[in-house]
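Chemist: First residue of the sequence shown? That's 1 in the numbering used here, and the numbers climb one at a time after it.
Glycine included, C-beta positions come from ideal geometry on N, C-alpha and C.
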Amino acid sequence: MRGVRRGRAPVPLSVLDLATVGVGFTASDALRTTVALARLAERLGYHRFWVAEHHSMPGVASSSPPVILGHLTAHTERIRLGSGGVMLPNHAPLVVAEQFGTLHALAPGRVDLGLGRAPGTDGATAAALRRGRTDGPDEFPQQVAELVRFMADDFPGAHPYSRIHAVPGPVQGKVPGGVQTADRPPVWLLGSSGFSAELAGRLGLPFAFAHHFSAANTVPALELYRHSFRPSEWLDAPYALIGVSAFAAEDEKEAHRQVLTGALSMVRLRTGNPGLVPSPEEAASYPFSPLETDVVDGWLANVVYGTPDAVREGLDALAARTGADELMITTNAHGPEARLHSYELIAGAYGIG
Numbered sequence: 001m002r003g004v005r006r007g008r009a010p011v012p013l014s015v016l017d018l019a020t021v022g023v024g025f026t027a028s029d030a031l032r033t034t035v036a037l038a039r040l041a042e043r044l045g046y047h048r049f050w051v052a053e054h055h056s057m058p059g060v061a062s063s064s065p066p067v068i069l070g071h072l073t074a075h076t077e078r079i080r081l082g083s084g085g086v087m088l089p090n091h092a093p094l095v096v097a098e099q100f101g102t103l104h105a106l107a108p109g110r111v112d113l114g115l116g117r118a119p120g121t122d123g124a125t126a127a128a129l130r131r132g133r134t135d136g137p138d139e140f141p142q143q144v145a146e147l148v149r150f151m152a153d154d155f156p157g158a159h160p161y162s163r164i165h166a167v168p169g170p171v172q173g174k175v176p177g178g179v180q181t182a183d184r185p186p187v188w189l190l191g192s193s194g195f196s197a198e199l200a201g202r203l204g205l206p207f208a209f210a211h212h213f214s215a216a217n218t219v220p221a222l223e224l225y226r227h228s229f230r231p232s233e234w235l236d237a238p239y240a241l242i243g244v245s246a247f248a249a250e251d252e253k254e255a256h257r258q259v260l261t262g263a264l265s266m267v268r269l270r271t272g273n274p275g276l277v278p279s280p281e282e283a284a285s286y287p288f289s290p291l292e293t294d295v296v297d298g299w300l301a302n303v304v305y306g307t308p309d310a311v312r313e314g315l316d317a318l319a320a321r322t323g324a325d326e327l328m329i330t331t332n333a334h335g336p337e338a339r340l341h342s343y344e345l346i347a348g349a350y351g352i353g
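#1: CA-CA distance, residue 127 and residue 104?
#2: Helix, strand or coil for residue 80? Go by DSSP, reduced to three states.
#3: Return the Cβ separation of residue 340 and residue 248 in integer angstroms, given the expectation that the two are a contact with Cβ distance under 8 Å.
#4: Ends of the beta strand (DSSP E) at residue 72?
#5: From the beta carbon of residue 290, is the nearest beta carbon of chain C less than 7 Å away?
#6: Taking the continuous beta strand (DSSP E) assigned at residue 116, which residues delimit it?
#7: For the beta strand (DSSP E) that contains residue 329, what are its first and last residues?
#8: Taking residue 225 as part of the beta strand (DSSP E), name the residues at either end of that continuous run.
#9: Grouping DSSP H, G and I as helix and E and B as strand, with all else coil, what is residue 248?
#10: Whole angstroms are fine: how far does the CA of residue 257 sit from the CA of residue 184?
#11: Helix, strand or coil for residue 188, going by three-state DSSP, please let me know.
#12: Compare the beta carbon distance of residue 81 and residue 69 with 7 Å and say whether it is the shorter of the two.
#13: What runs of the alpha helix (DSSP H), each 4 residues or longer, lie entirely inside the stretch 139-169?
#14: State yes or no: is the C-beta of residue 235 within less than 7 Å of the C-beta of residue 194?
#15: Identify every run of the alpha helix (DSSP H) within the stretch 273-345, keeping only runs that are complete inside it and at least 4 residues long; order them along the chain.
#16: Using the three-state DSSP reduction, which class does residue 48 fall into: helix, strand or coil?
#17: Consult DSSP for residue 102 and reduce its assignment to one of helix, strand or coil.
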């Protein structure tokens, strides 16, 4: 559950990947890069590797975390794997319990189930994902409670689901001849506001905050989580990680050239024109309007980028300012080589790997 700090890092370091698709690359290329990055992260000593759920975005190939994670279990040996996250309102809790029970069977003891209440997309796509279902983000606490019950196989006898079992799962250890343990993936709640922070605290669950796109809310959300925390079977004290966008290169100019591709992607997303991640050359020559420049400046203000030493100093300062127990680094760049090299440089700056 709790991460392991290595080298000179102030807290454990982990990786969040979106399987981004750059101009000139295919989804297959992106997913192969995800595998390569997971293997690299394991070799370098990062603690966990999570993949996110997004939909209807051409530049993001991680629409199905359980499928990607199943593939990663066959290509890694030690690193924790998880969802950052599964957007629970898009799915029936029983289905998620079965998917992650399967992943737990494939990689016992190293799977995390991170849950979010946002759709991971726009409203129209969310409606298509939830076709025929009437529950949504407002029912998130009830959905979480139902999912946890399915994973523990402990609905009370009078409950209409008491005779329904998530398989693979603990029920296989209760039937005659069964030797299945009751172990199951730990549940994390993800958020970018105070709602999930407070809920995670009340349930005694670990909490992951999306600092990389909601930086203004980070400290208040973490304070609310810690204030709301009640000990549980999972944790006796709060444990919070934050997602942070970071990129390292040998010199600051190259780092800026690379992160500008992510900024242009965000401009296009916010103006309703999502596409593939542009090349550094395209981003450098793009004629940003004054309004778009404001978006870029706001986005880059929350990215820790520069030389490896500068990134290390920025991450250290962020950990100290927020009191986060773990930093989960996400890197948005056009080409796989630059992304992989950035994680190598950050690990080297901390003396891990």
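Modeler: Let me spell this out:
#1: Here residue 127 is taken as the residue at index 127 of the sequence shown, counted from 1. Here residue 104 is taken as the residue at index 104 of the sequence shown, counted from 1. Rounded to the nearest angstrom, the two C-alpha atoms are 30 Å apart.
#2: Numbered from 1 along the sequence shown, position 80 holds the residue referred to as residue 80. Three-state result, residue 80: strand.
#3: Here the question's residue 340 lines up with position 340 in the sequence shown. Here the question's residue 248 lines up with position 248 in the sequence shown. The Cβ separation is near 11 Å, so there is no contact.
#4: Within the sequence shown, residue 72 is the residue found at index 72, counting from 1. Residue 72 -> not in any beta strand (DSSP E); alpha helix (DSSP H) instead, spanning 65-73.
#5: Judged by its chain identifiers, the structure shown contains no chain C, having just a single protein chain.
#6: Start at 1 with the first residue of the sequence shown, and residue 116 comes out as number 116. Start and end: 111-116.
#7: Here residue 329 corresponds to residue number 329 of the sequence shown, with the count starting at 1. From DSSP, the beta strand (DSSP E) with residue 329 extends over 326-330.
#8: Indexing the sequence shown from 1 puts residue 225 at position 225. Where residue 225 is concerned, there is no enclosing beta strand (DSSP E), although the alpha helix (DSSP H) it sits in stretches over 218-228.
#9: The count along the sequence shown starts at 1 and reaches residue 248 at position 248. DSSP places residue 248 in strand when its eight states are reduced to three.
#10: Within the sequence shown, the letter at position 184 stands for residue 184. Within the sequence shown, the letter at position 257 stands for residue 257. Rounded to the nearest angstrom, the two C-alpha atoms are 43 Å apart.
#11: Within the sequence shown, the letter at position 188 stands for residue 188. Strand.
#12: In the sequence shown, residue 81 corresponds to position 81, counting from 1. In the sequence shown, residue 69 corresponds to position 69, counting from 1. The answer is yes: Cβ separation under 7 Å.
#13: Entirely contained in the stretch 139-169, the alpha helix (DSSP H) runs reaching 4 residues are, in chain order, 140-152.
#14: Mapped onto the sequence shown, residue 235 falls at position 235. Mapped onto the sequence shown, residue 194 falls at position 194. Cβ atoms of residue 235 and residue 194: not closer than 7 Å.
#15: If we require 4 residues or more, the alpha helix (DSSP H) runs fully inside the stretch 273-345 come out as 280-285, 290-300 and 308-322.
#16: In the sequence shown, residue 48 corresponds to position 48, counting from 1. Strand.
#17: Residue 102 sits at position 102 when you count from the first residue of the sequence shown. Residue 102: helix per DSSP, three-state reduction.
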